[in-house]
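Report on the structure given below.
In the numbering used here, the protein residues as written are 3 to 210.
What follows is the structure in C-alpha cells.
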C-alpha cells in the first residue's frame, strides 16, 4: 500500500504539532490518565500525542498505516510504547483491552464506511468501563473572526492533502461530524469541549 505520508513524515510535526498541542492538552484535562492504564492511539502518526502520556506511566500503544510516520514515532518514544503497523478496521488487539482509546484528526479523512468500521473496532478493544477521546473538526456554529479564520486555514490545509482526503473531509462535516458518529454507534457523551472558534471539538465518550 502506498504511504501517503512518506514525503512529509520528517517535517510533519514542524507544521502541525504546535497547532494541535492545545487540543491534546485539553483532552488530558478532560480525562486524566492514571498510572498503569492501557492507552491506544489510533492513527498515532509521529507519536507526539502518546509522548504526553509517557509521564503518567501508562501502558502505551499506537497504531498507524504509515510506516514512515511510525519510524518517526519509534525514534521519539523508544521502547516504552508498542507501535504497530496496521489497519484500524482490523486491529491486532484482543477484546476489552484498553482503558482509553484516542482518535485525533483521523476519522475525518476516512470514507463513511471506514469511519463506521473503525469506531466499531475501537468499541471492541475498549474495556466496558473505558473511555474514548475523540478530537476532530467540528460542524459549527463558528465564532466571528476566530472561527472563520480557522475555518479558512482548515479548508486550504485539507484541500492540499489531496482529492480523496478533501472529499472525505467534506463528507464527514456534511454528515454531521463526530456528533453524528457518536449517535450512530449509541455512545454516551460524558464531556464535550468546542475549541478554536467552533472549528474543533473534543469528546469523552463511553459505551452506553
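Beta carbons: idealized from backbone N, C-alpha and C, even for Gly.
Note to self: Mapping the DSSP letters down to three states, classify residue 93 as helix, strand or coil.
What the structure shows: In this structure, DSSP gives residue 93 a state outside helix and strand, which the three-state scheme calls coil.
Next item on the list: Along the beta strand (DSSP E) that carries residue 104, what are the first and last residues, could you check?
Entry: Where residue 104 is concerned, the enclosing beta strand (DSSP E) stretches over 100–106.
Next item on the list: Return the residue from the list 210, 205 and 209 that minimises the CA-CA distance to residue 28.
Entry: Taking the Cα of residue 28 as reference, the smallest distance to any Cα among 210, 205 and 209 is reached at 205.
Item checked: Span of the alpha helix (DSSP H), counted from its first residue to its last, around residue 37 -> Annotation for residue 37: no alpha helix (DSSP H) segment contains it, and DSSP assigns it neither H nor E.
Item checked: Stretch pair the stretch 163–171 + the stretch 97–108: three plus CB contacts closer than 8 Å -> In this structure the stretch 163–171 does not lie against the stretch 97–108, because fewer than three pairs of beta carbons, one per stretch, are closer than 8 Å.
Margin query: Alpha carbons only, please: which of 148, 44, 147 and 132 is nearest the one belonging to residue 209?
Written below: The option with the nearest alpha carbon to residue 209 is 132.
Check: Between the C-alpha atoms of residue 25 and residue 173, what's the straight-line distance to the nearest angstrom?
Finding: The alpha-carbon atoms of residue 25 and residue 173 are separated by roughly 23 Å.
Margin query: In chain order, what are the residue ranges of uninterrupted alpha helix (DSSP H) at least 4 long that sit wholly in the stretch 111–174?
Written below: List check, alpha helix (DSSP H) in window: 114–127 and 148–162.
Notebook entry, point to check: Quick one: is residue 139 buried, meaning 16 or more other Cβ sit within 10 Å of its Cβ, or exposed?
Noted result: Counting the other Cβ atoms within 10 Å of the Cβ of residue 139 gives 16 or more, which makes it buried.
Margin query: Considering only DSSP beta bridges, list what residue 185 is partnered with.
Written below: Its beta-bridge partners do not exist; DSSP assigns none.
Checklist line | First and last residue of the uninterrupted beta strand (DSSP E) at residue 62 | finding: Going by DSSP, residue 62 is part of the beta strand (DSSP E) stretching over 61–66.
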